[in-house]
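Residue numbers (our numbering): -1 to 329.
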Ligand SMILES: Nc1nc2c(ncn2[C@@H]2O[C@H](COP(=O)(O)OP(=O)(O)OP(=O)(O)O)[C@@H](O)[C@H]2O)c(=O)[nH]1
Ligand SMILES: [Mg+2]
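Given below as structure tokens:
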């Protein structure tokens, strides 16, 4: 790199994708910084590659953007050689509705073996193909192109880089590969979630265990979930009264359960969980209890964070956290 050596040990995330694929948008979503800040914050390190250090001022990591793939009169050889030397993780960004990925795949085929083990594929523009089946087919084709180039299937994330959908899943993958970045790339809500995640996993384990015991199972998992919600609320300093329970249930889309919660209290609220499980269309196995409990904990964490920060509770956000978490645990 052409800049000073002080930053040389920073973890580097290399973004590879055609122009317009969503690389800058991805940095915006991962850092929470406004687009304009990111646009101005990338500084050149080679003729066409740029980098963005984050957090600005006291950087803990670096995004490396090799632009120009797919552009005429551009030979990426120099950029690619430098990038793969520096990179700890390579995020390939490809728009789901753009099947022309030859240059990106060629570049991928050339990267060193060491880097190949640390590639993630982000399908951007998930919103551009509204039909679920059609989108799934496009992603399968995309995966096949890159898997062929790499010689192995690539971990993948479906994303909408305008709304931030899919970022939780991507953050998890990044954290698994580069644990030191888990906190760096989390927003205020995410950092609080990370602090309480162990607690949720513990309750999820209890719920799953309860479900594998045939007799206590019927009441065991919901009881663990109710206990989890109560202790999470305590951690967030939110009074977990019937109003809060009802509001949370309603945000999750459980109108009826919310009604029960309001009239009959905790015992009826326990019913909330099997309802969620059915909505997800999954069997009430121990594994399902584990996944549903983690998802419930994730949704509750964002709800409690918003309430305790005096911020607006958005039902869409609560539902999205729930379904994102559930989807990940099942796959
Ligand atoms: N609808 C939709 N638009 C997106 C998505 N991701 C990116 N875009 C839009 O696509 C355009 C290009 O995105 P950028 O993030 O600038 O792409 P880039 O890869 O940084 O492009 P270069 O800097 O030219 O290499 C912008 O107008 C984005 O708002 C997405 O998931 N959905
Ligand atoms: Mg860009």
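Glycine included, C-beta positions come from ideal geometry on N, C-alpha and C.
Look at which beta carbons fall closer than 7 Å to any heavy atom of ligand 2; those residues are 21, 22, 63 and 65.
Collapsing the DSSP output to three states places residue 42 in a strand. With a cut-off of 7 Å, the C-beta of residue 90 is classified as distant from ligand 1, since no heavy atom of the ligand falls inside that distance.
Beta-bridge partners of residue 93 (DSSP): 122. Cβ neighbours of residue 164 within its own chain (closer than 6 Å, five residues either side excluded): 155, 156 and 157.
Spatial neighbours of residue 229 in its own chain (CB-CB distance under 7 Å, excluding positions within 5 residues in sequence) are listed in chain order as 197.
Excluding sequence positions up to five before and after residue 203, its CB lies within less than 8 Å of the CB of 288, all in the same chain and listed in chain order. Shortest gap from the CB of residue 159 to any heavy atom of ligand 1: under 7 Å. By the criterion of a C-beta distance shorter than 7 Å, residue 236 is surrounded in its chain by 242, 302, 305 and 306, once the five residues flanking it on both sides are discounted. The segment 90 to 104 and the segment 125 to 141 touch, with three or more beta-carbon pairs separated by less than 8 Å.
In this structure the segment 172 to 183 does not lie against the segment 121 to 132, because fewer than three pairs of beta carbons, one per stretch, are closer than 8 Å.
The alpha-carbon of residue 16 is positioned some 7 Å away from that of residue 102. Beta-bridge annotation (DSSP): residue 117 is paired with 88.
Less than 8 Å divides the Cβ of residue 175 from the Cβ of residue 87.
Judged by DSSP secondary structure, residue 28 falls within the alpha helix (DSSP H) whose first and last residues are 21 to 29. Note on residue 71: under 16 other CB atoms within 10 angstroms of its CB, so exposed under the neighbour-count rule. Ligand 1 never approaches residue 230 closely enough for any of its heavy atoms to be under 7 Å from the residue's Cβ.
Within the same chain, Cβ atoms closer than 7 Å to the Cβ of residue 173 are found at 179 and 180, the five residues on either side in sequence being excluded. Excluding its 5 nearest sequence neighbours in each direction, residue 296 has C-beta neighbours in its own chain below 6 Å: 319 and 323, listed in chain order. In the DSSP assignment, residue 129 falls outside any beta strand (DSSP E) and carries neither an H nor an E. Here the alpha carbon of residue 55 sits roughly 27 Å from the alpha carbon of residue 91. Residue 190 is positioned such that its CB atom lies closer than 8 Å to that of residue 299. For residue 19, the CB falls within less than 7 Å of some heavy atom of ligand 1. Residue 48 and residue 14 have their C-alpha atoms some 12 Å from each other. About 7 Å separates the CB atoms of residue 291 and residue 222; that is less than 8 Å, so the two are in contact. Considering only 25, 310, 166 and 106, the residue with the shortest C-alpha distance to residue 146 is 106.
Per DSSP, the unbroken beta strand (DSSP E) holding residue 47 starts and ends at 47 to 52. Shown here, residue 154 sits in a strand according to DSSP, grouped into three states.
The C-alpha of residue 50 is placed about 13 Å away from the C-alpha of residue 44. Within the same chain, and ignoring the five residues on either side of residue 81 in sequence, the residues whose Cβ sits closer than 7 Å to its Cβ are 12, 47, 62 and 64. Per DSSP, residue 240 is one residue of the alpha helix (DSSP H) stretching across 240 to 249.
Collapsing the DSSP output to three states places residue 10 in a strand.
Each of 309, 310, 294 and 128 was checked against the Cα of residue 321, and the nearest Cα belongs to 294. Excluding residues up to 5 positions away in sequence, 302, 303 and 306 lie with their Cβ nearer than 7 Å to the Cβ of residue 234 in the same chain.
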